[in-house]
Amino acid sequence: MTITTGPEFSDQIAYGHLVRFYYKNTLPYLYQNFYSDGDFTYQGDVYGSAVPFGFTGVTVNRNGDNQSTNLIFPQNGLTQAVSAKLLNQSGWRAEVETMLFDPDDRTKFRSLRIYTGMVVGAIYRGPTIELELGNILDAVGADVPRRRLTEDLFGPLPTTANVRLQ
597 MTITTGPEFS
607 DQIAYGHLVR
617 FYYKNTLPYL
627 YQNFYSDGDF
637 TYQGDVYGSA
647 VPFGFTGVTV
657 NRNGDNQSTN
667 LIFPQNGLTQ
677 AVSAKLLNQS
687 GWRAEVETML
697 FDPDDRTKFR
707 SLRIYTGMVV
717 GAIYRGPTIE
727 LELGNILDAV
737 GADVPRRRLT
747 EDLFGPLPTT
757 ANVRLQ
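In case it helps, the numbering used here puts the sequence shown at residues 597 to 762.
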């Protein structure tokens with residue numbers, strides 16, 4: 597893939613991400629992983645100083661099945677608190693926007709893609725926390741409608757299955 601620098605960019609472009617965590621149409625958590633020296637404003641929202649994180653695993657096969665995707669954060673007090681909040685309440689969505697940035701000018705950037713997924717689990721692995729994002733839309737198969745596990749059918753369901761220690 598060749599990316600050409602348009603007239604709006606200087607001689608350099610850089611690649612980074614914005615992540616937004618939503619719960620019931622609120623916008624409580626905004627992070628970016630590029631500008632380490634201050635805030636970044638995008639579409640009226642202010643993303644604070646950079647939080648180092650990686651985004652991996654976007655894979656879709658020809659049937660439309662989507663494999664889980666991961667946001668990888670360093671394990672510290674902030675990320676432990678945020679991941680605990682995301683896992684204790686079902687229904688958190690994450691949007692990860694892949695961006696091109698002009699390192700010399702915060703007003704010059706371009707959105708490439710947006711990935712949306714549900715926060716479905718976390719893996720605490722040594723110095724990192726990997727938040728697992730599942731696809732919001734499952735591929736439709738021959739077994740529609742899919743059955744759901746509910747407390748009415750099975751009694752109290754475990755609430756700690758989202759956390760795996762490795």
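Virtual Cβ for every residue (Gly too), placed ideally from N, Cα, C.
Run the CB neighbour count on residue 672, radius 10 Å, all protein chains shown included, and call it buried at 16 or more, exposed below. exposed
Around the Cβ of residue 666, are there at least 16 other Cβ atoms within 10 angstroms (buried) or fewer (exposed)? buried
Here's the rule I'm using: 16 or more other beta-carbon atoms within 10 Å means buried, otherwise exposed. How should residue 715 be labelled? buried
For the candidate residues 625, 669 and 635, whose alpha-carbon lies nearest to that of residue 702? 635
Which word fits residue 616, buried or exposed, when buried means at least 16 other C-beta atoms lie within 10 angstroms of its C-beta? buried
Taking a contact to mean a Cβ-Cβ separation below 8 Å, would you say residue 612 touches residue 628 in this structure? yes
Beta strand (DSSP E) segment containing residue 715, residue limits: 705-721
Kindly indicate which three-state DSSP category residue 673 falls into: helix, strand or coil? helix
By the 10 Å Cβ neighbour count, where 16 or more other Cβ atoms means buried, how is residue 770 classified, buried or exposed? Because the chain spans 597 through 762 in this model, residue 770 falls outside it and cannot be assessed.
Please report the distance separating the alpha-carbon of residue 586 from that of residue 607. The chain is shown from 597 up to 762; residue 586 falls before or after that span and cannot be answered.
Let me know if residue 717 comes out buried or exposed under the rule of 16 or more other beta-carbons within 10 Å of its beta-carbon. buried
Taking the C-alpha atoms as reference points, what is the distance between residue 630 and residue 610? 8 Å
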